[in-house]
Amino acid sequence: MNRFMNVLSSGFHQVDNGQDTLESARDRVRHLLHPKNPNLFPYGEMGTSISEMTEQLLKSDDIIASS
Amino acid sequence: MPVMLKYNDTTECCITKGAEATVIGWQTEQGPEGQTVLETLFVELKDPPKMIKIDGLPDNVVPITRHIIATICYLPNDDKIPLSRDQVLVLPNFVMTDYASQGHTRPNNIVDLNSCNNHQSYYTCLSRSASANGKIIVQGFVPKIVTGGTSGYLRQEFRELELLDEITRLKYENILPDHVVGDRCNTIICEFQQWKGTEYVPEHVHPSLKWNPRDPLHLLGVTTDSPWQIIKNNKTDKNKDKKTNKSDTMGFIAAKGTIPVNTTSCTQKRKQDMEEPELSPKRKQLSMPAPTPQKQKLVNLDNMEQQLKKVKKSETSLIQKKLPECPQGLIWDNENYSCAYDSILTILLVIWSYGQKIPLDGKHDLKI
Chain A
170 MNRFMNVLSS
180 GFHQVDNGQD
190 TLESARDRVR
200 HLLHPKNPNL
210 FPYGEMGTSI
220 SEMTEQLLKS
230 DDIIASS
Chain B
148 MPVMLKYNDT
158 TECCITKGAE
168 ATVIGWQTEQ
178 GPEGQTVLET
188 LFVELKDPPK
198 MIKIDGLPDN
208 VVPITRHIIA
218 TICYLPNDDK
228 IPLSRDQVLV
238 LPNFVMTDYA
248 SQGHTRPNNI
258 VDLNSCNNHQ
268 SYYTCLSRSA
278 SANGKIIVQG
288 FVPKIVTGGT
298 SGYLRQEFRE
308 LELLDEITRL
318 KYENILPDHV
328 VGDRCNTIIC
338 EFQQWKGTEY
348 VPEHVHPSLK
358 WNPRDPLHLL
368 GVTTDSPWQI
378 IKNNKTDKNK
388 DKKTNKSDTM
398 GFIAAKGTIP
408 VNTTSCTQKR
418 KQDMEEPELS
428 PKRKQLSMPA
438 PTPQKQKLVN
448 LDNMEQQLKK
458 VKKSETSLIQ
468 KKLPECPQGL
478 IWDNENYSCA
488 YDSILTILLV
498 IWSYGQKIPL
508 DGKHDLKI
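Read top to bottom, the protein sequences are chains A and B. Heads up: the first sequence runs through residues 170 to 236, numbered per my numbering. Heads up: the second sequence runs through residues 148 to 515, numbered per my numbering.
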């Protein structure tokens, strides 16, 4: 699990316990992604690529296999 | 150059789709960019059904003119570009596929069977010439395709055809009982089987198609006809139809009066098709007492499959129960558009909540 997913997961936990809202959990992940690549993950009235975001969220920080 | 005509230009002059010819000349003109473009192609037809004589041209020589074909290209960004292509509709004809060769006769037939996938294809290629003389097979091929026996479906179809043949003969000789009637193949075969019994095999059936108690031809299921309906050509009715169809199905519009396919009959048919001699002994092994280690493995695998199926069943039923408890989704941020985040995060949230709320056996836990 990478750090974006870590933040998201703990956000979900907090939402589950009634300590936070889903929107703020989303925004926390967004704040992390934006500085990484402002063009791909912009703020304002602009769209974001779902495939790029999915890749960022689901990729692993660790090398699983190499050849 | 040998060519095949691809358009029914003038059928009276034998300029028909699929006709073979040889290029003997052409006329060119200046294109809009100053380039030389083909204007008319003159071809000599190969064995036309009648002699073609056009003034000023040799026998069987016909002109093929250009055709304009308009098309619209859709780009990935949804832009549309209308294009038109100006071409003489012929193809080089040094070789042709089995599909294109259907209906042709070739006294000199050179075939490459290596890329043919099924026996129908083999038949089409090899039967283009009536004799073995003049036929050349250019490289190796897989004889198993034409000697490896028929598939279950094909065998079933041939057997049904044999029965229909027999029914036709009996009908012609006026010895078919009156109760054997039907307006479709299935119905009449079923009636015939009920009369003669399912083990009856007509006299001249090929040995490889004959059925017996070990390899039976089961009683065919009767298919009931959809009732005929007269569709009124009325605008209001049409709109009604469209609405009901759209709401009932997701994209798929079933024809009026059609009956959904019975799933059990499908599996029965598949079983018939899968009747492989190697499969049945394995199945028997599973039910034998005191299994050897190998057999034990098989039994365990079978048990595991059953358990997994049970888990999946209970999982889905739990999910269905839990779903209403899940949050409905995220509120869209209209200042910093969040559509992409909302869609992905909703999916991840549902996966996460399954992992949290459904107690599984650890191995199948879906926790993020």
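Note that the Cβ used here is the ideal one computed from N, Cα and C, for glycine as well.
Which residues in chain A have a C-beta closer than 7 Å to the C-beta of residue i? List them in chain order.
i	result
asparagine 483 of chain B	Tyr212, Gly213
Taking 9 Å as the threshold (beta carbon to beta carbon), is residue i in contact with chain A?
i	result
tyrosine 501 of chain B	no
leucine 513 of chain B	Its pLDDT being 45, under 50, leucine 513 of chain B is placed unreliably by the model, and the measurement read from it follows with that caveat. Cβ-Cβ to chain A under 9 Å: no for leucine 513 of chain B.
glutamate 425 of chain B	Confidence is the limiting factor: at glutamate 425 of chain B the pLDDT is only 42, short of 50, which leaves the residue's position unreliable and the question unanswerable from this model.
leucine 496 of chain B	yes
leucine 236 of chain B	no
Comparing the C-beta of residue i with each C-beta of chain B, is any distance below 9 Å?
i	result
aspartate 185 of chain A	yes
serine 218 of chain A	yes
leucine 177 of chain A	yes
leucine 201 of chain A	no
alanine 234 of chain A	no
List, in chain order, every chain A residue whose beta-carbon is nearer than 9 Å to that of residue i.
i	result
isoleucine 478 of chain B	Thr190, Leu191, Glu192
Give me the residue from the options with the minimum Cα distance to residue i.
i	options	result
glutamate 176 of chain B	B/Tyr501, B/Gly299, B/Leu185, B/Ala168	B/Leu185
lysine 178 of chain B	B/Val150, B/Thr345, B/Arg213, B/Gln503	Looking at the sequence itself, residue 178 of chain B is glycine, so the reference to lysine does not match. Here the closest residue by C-alpha is B/Arg213.
arginine 361 of chain B	B/Glu350, B/Thr370, B/Glu346	B/Glu346
histidine 353 of chain B	B/Leu317, B/Gln234, B/Thr163, B/Phe305	B/Phe305
threonine 163 of chain B	B/Ile211, B/Met148, B/Phe241, B/Gly172	B/Ile211
histidine 251 of chain B	B/Leu273, B/Gln267, B/Gln234, B/Arg232	B/Leu273
valine 242 of chain B	B/Leu230, B/Glu338, B/Gly165, B/Asp225	B/Gly165
tryptophan 358 of chain B	B/Gly299, B/Val369, B/Ile335	B/Gly299
valine 293 of chain B	B/Met148, B/Ile216, B/His266, B/Cys160	B/His266
lysine 200 of chain B	B/Val208, B/Lys193, B/Glu180	B/Val208
serine 355 of chain B	B/Lys318, B/His365, B/Gln303	B/Gln303
alanine 277 of chain B	B/Gly295, B/Asn255, B/Thr297	B/Asn255
lysine 227 of chain B	B/Asp233, B/Gln234, B/Thr218, B/Val235	B/Thr218
glutamate 214 of chain A	B/Leu495, B/Asn483, B/Ser500	B/Asn483
threonine 217 of chain A	B/Ile494, B/Ser485, B/Tyr501, B/Glu307	B/Ser485
leucine 364 of chain B	B/Gln234, B/Cys337, B/Leu230	B/Cys337
glutamate 313 of chain B	B/Gln376, B/Arg232, B/His351, B/Ile494	B/His351
proline 229 of chain B	B/Ser248, B/Val237, B/Thr244, B/Ile216	B/Ile216
valine 170 of chain B	B/Glu159, B/Pro196, B/Val235	B/Val235
valine 369 of chain B	B/Asn380, B/Thr297, B/Val348, B/Phe339	B/Phe339
arginine 253 of chain B	B/Thr297, B/Gly295, B/Asp194, B/Tyr269	B/Asp194
threonine 371 of chain B	B/Trp342, B/Tyr246, B/Asn333, B/Tyr270	B/Asn333
valine 348 of chain B	B/Trp173, B/Glu307, B/Gly296	B/Glu307
glutamate 159 of chain B	B/Lys197, B/Val150, B/Gly181, B/Trp173	B/Lys197
isoleucine 103 of chain B	B/Tyr246, B/Arg275, B/Ser231, B/Ser268	Here chain B comprises residues numbered 148 to 515, so residue 103 of chain B is not present and cannot be evaluated.
Taking residue i as the query, report the chain B residues whose CB atoms sit under 9 Å from its CB, ordered along the chain.
i	result
arginine 195 of chain A	Leu477, Asp480, Ser485, Tyr488, Asp489, Leu492
Find the residues of chain B that neighbour residue i, judging by a C-beta separation of less than 7 Å, and give them in chain order.
i	result
phenylalanine 181 of chain A	Leu496, Trp499
For a contact defined as C-beta to C-beta under 8 Å, what are the partners of residue i on chain B?
i	result
methionine 226 of chain A	Strictly speaking, residue 226 of chain A in this sequence is leucine, with methionine absent from that position. Near leucine 226 of chain A (Cβ distances below 8 Å), the residues of chain B are Ile491, Leu495.
Is there a C-beta anywhere in chain E that falls below 9 Å from the one on residue i?
i	result
valine 209 of chain B	The chain labelled as chain E is not found among the protein chains of the depicted structure, namely A and B.
- Task: Indicate whether the contact test is met: 3 or more Cβ pairs, each with one atom in the segment 183 to 194 of chain B and one in the segment 202 to 221 of chain B, closer than 8 Å.
- Result: yes
- the segment 150 to 159 of chain B / the segment 217 to 225 of chain A touching (three or more Cβ pairs under 8 Å): no
- If we count Cβ pairs, one from each stretch, closer than 8 Å, do we get three or more for the segment 261 to 273 of chain B versus the segment 282 to 296 of chain B? yes
- Message: I want to know whether the segment 272 to 285 of chain B touches the segment 324 to 335 of chain B - three or more CB-CB distances under 8 Å.
- Response: no
- Entirely within the segment 222 to 303 of chain B and at least 3 residues each: give me those beta strand (DSSP E) ranges in chain order. 227 to 235, 237 to 239, 256 to 258, 282 to 284
- Message: Quick test of the definition: if touching needs 3 or more C-beta pairs under 8 Å, does the segment 481 to 497 of chain B touch the segment 191 to 207 of chain A?
- Response: yes
- Message: Contact between the segment 198 to 215 of chain A and the segment 171 to 182 of chain A is defined here as three or more beta-carbon pairs at a separation below 8 Å; is this criterion met?
- Response: yes
- Can you give, in chain order, each stretch of the alpha helix (DSSP H) that sits fully within the segment 291 to 370 of chain B and has at least 4 residues? 291 to 294, 299 to 319, 332 to 343
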